[in-house]
Amino acid sequence: MTTSTCSESSQSKRDEDHDVEKCSGEDVGEPLDNKTSNETGRTSPDKSPAKPTRCQQTILLLCGFLASFQALGLGQAYGMFQLFHKEHIDKPTALLSNTEAKNRAAIASIGSIGGSGICLILGLCLVPSLCRSSVSASISVKSSLRKWPHTVTWLSAAGAFVTFLGYFCASYSSKLWHLGLTQGVLVGIGSALMYNPVMMVAPEYFSEKVRGKAMGFISAGAGVGGLVYSPLIRFMNDKYGIRVTLWFLGVFVGSTGLLIACFTPPPRPSTRRTFLPKAVRKDPVLYLTILSGCTASLAALIPYGFGPEFSTLLGCSTKAAAIHMVALNAVGTPARIGWGHIRDKIGSQNALILSSLLLAISNFMWVGAALTNGVALWVAFLVVWGIGTSGYGTIIAPYVLDVFDSEVYFGILATVNVFRGIGSIVGNPLAGAILGRGSGGQEKGDYFKWLITFNGVVLFVAVAASVAARVLISRRTGWKWIA
1 MTTSTCSESS QSKRDEDHDV EKCSGEDVGE PLDNKTSNET GRTSPDKSPA
51 KPTRCQQTIL LLCGFLASFQ ALGLGQAYGM FQLFHKEHID KPTALLSNTE
101 AKNRAAIASI GSIGGSGICL ILGLCLVPSL CRSSVSASIS VKSSLRKWPH
151 TVTWLSAAGA FVTFLGYFCA SYSSKLWHLG LTQGVLVGIG SALMYNPVMM
201 VAPEYFSEKV RGKAMGFISA GAGVGGLVYS PLIRFMNDKY GIRVTLWFLG
251 VFVGSTGLLI ACFTPPPRPS TRRTFLPKAV RKDPVLYLTI LSGCTASLAA
301 LIPYGFGPEF STLLGCSTKA AAIHMVALNA VGTPARIGWG HIRDKIGSQN
351 ALILSSLLLA ISNFMWVGAA LTNGVALWVA FLVVWGIGTS GYGTIIAPYV
401 LDVFDSEVYF GILATVNVFR GIGSIVGNPL AGAILGRGSG GQEKGDYFKW
451 LITFNGVVLF VAVAASVAAR VLISRRTGWK WIA
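Its first residue numbered 1, the sequence shown is counted upward by one per residue in UniProt numbering.
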């Protein structure tokens, strides 16, 4: 089949090739999957892949929720580690030397790498394994007879072990580069192996009618993770020390990862998977999507990483700073489900533009909080920001599946996530470099003004890229208000 760029043309092509590819049904929970075919290209009824059951869909929702909870939730709570290093300078409980603890950019880079940077980037490396698993299933027996363990099992189990190893080794660190290799690189690799397989597999288990809500529920795990981990990390750091906290995280995240490995269903069978064919590589919509994802991710995590510090500059206590982070993550949990519902109502393209625009506009609230040292305005900004940042991660997978053909879904989603990961890695270290090393603890809220300006410019670039992609797609398929 020739790869189509937009979902409309993809659907019409499938209709023309009805004897080769046939929709499996109209149930709400049933995806439109390609059926297996023999060498003649005709569907063999006795080798058609089984429909996804309600049990499979429920288990997939829970496993995806847990994967988001651990892989992304901890990244959203990393600001509490950053605040710990800043506040324990010249104290016996400090993990790093005074010079290293003052290096904002380097410490922030650890959270960016371990939180979502490597996690998103390494998804590209998993595409061949997932494609091979999906295609091989389509030419074998019914998918209901596929044996455990499968590809997703092995990848997730490896991720659980590597994540445990990363946090466990980090608890014995004494240098900044130790933390970079353990809490940064190892945790990032483990999170990638644990998070990406279930997130790539999930959308194809649900029909277009409920795909947004399903991904919204899965993505809500990140908000719940940040909500739980922010006060938990602060409490454990203060009561038991950062080394015990890191050891505990290793055991807990590793154990959860094994549960994900045991229960996540395999990829849906498909007759063909391609990575990035020439037609897609020439498509400007792909590059606009990449630009939008990279810039949005570059800006999105900065308030998560530097939010606790900004709260203290406004005169708040460490406890209040932790509460502010709880508020930021708390709104993200229902917001992700809400964004999934919005996507189902107005379409992926419109929802993506709306979420980016909300972030760009809300940045003006941060400007006001910085210039006036207004705590109330800062908290209001965090609430709106939490709602806005919930949108992109929830919508991007359904967006790719809607705009591009299902044959290239794995490859395009992984490619977009690579650049989202690069944005995540670069964002907080760049923010730390803009802020510098501080000036003896005398900073106020307006110390962040150049960082906030940078954040706003980047976000409006993301909005422009999303709008441009929407215009290009509408020129090919005709304008539709719901798209």
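Yeah, the Cβ is synthetic: ideal placement off N, Cα and C, and Gly gets one too.
Taking the straight line between their C-alpha atoms, what separation do you get for residue i and residue j?
i           : j           : result
residue 301 : residue 287 : 22 angstroms
residue 56  : residue 278 : 35 angstroms
residue 79  : residue 307 : 7 angstroms
residue 395 : residue 203 : 11 angstroms
residue 427 : residue 454 : 10 angstroms
residue 111 : residue 75  : 6 angstroms
residue 473 : residue 100 : 49 angstroms
residue 423 : residue 87  : 27 angstroms
residue 264 : residue 331 : 27 angstroms
residue 408 : residue 168 : 38 angstroms
residue 246 : residue 108 : 17 angstroms
residue 92  : residue 244 : 15 angstroms
residue 238 : residue 228 : 16 angstroms
residue 117 : residue 52  : 32 angstroms
residue 187 : residue 480 : 43 angstroms
residue 383 : residue 328 : 6 angstroms
residue 460 : residue 125 : 30 angstroms
residue 493 : residue 256 : As displayed, the chain neither begins before 1 nor continues past 483, which places residue 493 out of reach and without an answer.
residue 106 : residue 224 : 27 angstroms
residue 303 : residue 378 : 11 angstroms
residue 182 : residue 346 : 42 angstroms
residue 320 : residue 82  : 15 angstroms
residue 129 : residue 413 : 15 angstroms
residue 403 : residue 350 : 12 angstroms
residue 333 : residue 390 : 8 angstroms
residue 282 : residue 417 : 19 angstroms
Between residue i and residue j, is the Cβ-Cβ spacing less than 8 angstroms?
i           : j           : result
residue 242 : residue 84  : yes
residue 170 : residue 305 : no
residue 226 : residue 190 : no
residue 293 : residue 211 : no
residue 398 : residue 200 : no
residue 463 : residue 360 : yes
residue 157 : residue 66  : no
residue 325 : residue 174 : no
residue 446 : residue 370 : yes
residue 410 : residue 127 : yes
residue 434 : residue 451 : yes
residue 406 : residue 388 : no
residue 296 : residue 392 : yes
residue 73  : residue 164 : no
residue 114 : residue 196 : no
residue 176 : residue 96  : yes
residue 291 : residue 415 : no
residue 280 : residue 469 : no
residue 217 : residue 121 : no
residue 209 : residue 344 : yes
residue 198 : residue 64  : yes
residue 150 : residue 266 : yes
Is it right to say residue i is buried, meaning 16 or more other beta carbons lie within 10 angstroms of its own, or is it exposed?
i           : result
residue 482 : exposed
residue 159 : buried
residue 376 : exposed
residue 145 : Confidence in residue 145 is poor, its pLDDT being 42 and thus under 50, which makes the residue's placement too unreliable to answer from.
residue 98  : exposed
residue 315 : exposed
residue 366 : buried
residue 219 : buried
residue 478 : exposed
residue 364 : exposed
residue 213 : buried
residue 429 : buried
residue 90  : exposed
residue 207 : buried
residue 317 : exposed
residue 471 : exposed
residue 104 : buried
residue 36  : Because the pLDDT at residue 36 is just 37, under 50, the model does not fix this residue reliably, and the point stays unresolved.
residue 476 : exposed
residue 54  : exposed
residue 180 : buried
Assuming residue i and residue j make a contact with CB atoms under 8 angstroms, what is their CB distance in whole Å?
i           : j           : result
residue 68  : residue 221 : 3 angstroms
residue 194 : residue 71  : 6 angstroms
residue 119 : residue 192 : 4 angstroms
residue 401 : residue 205 : Not confirmed; about 12 angstroms, so no contact.
residue 353 : residue 467 : 6 angstroms
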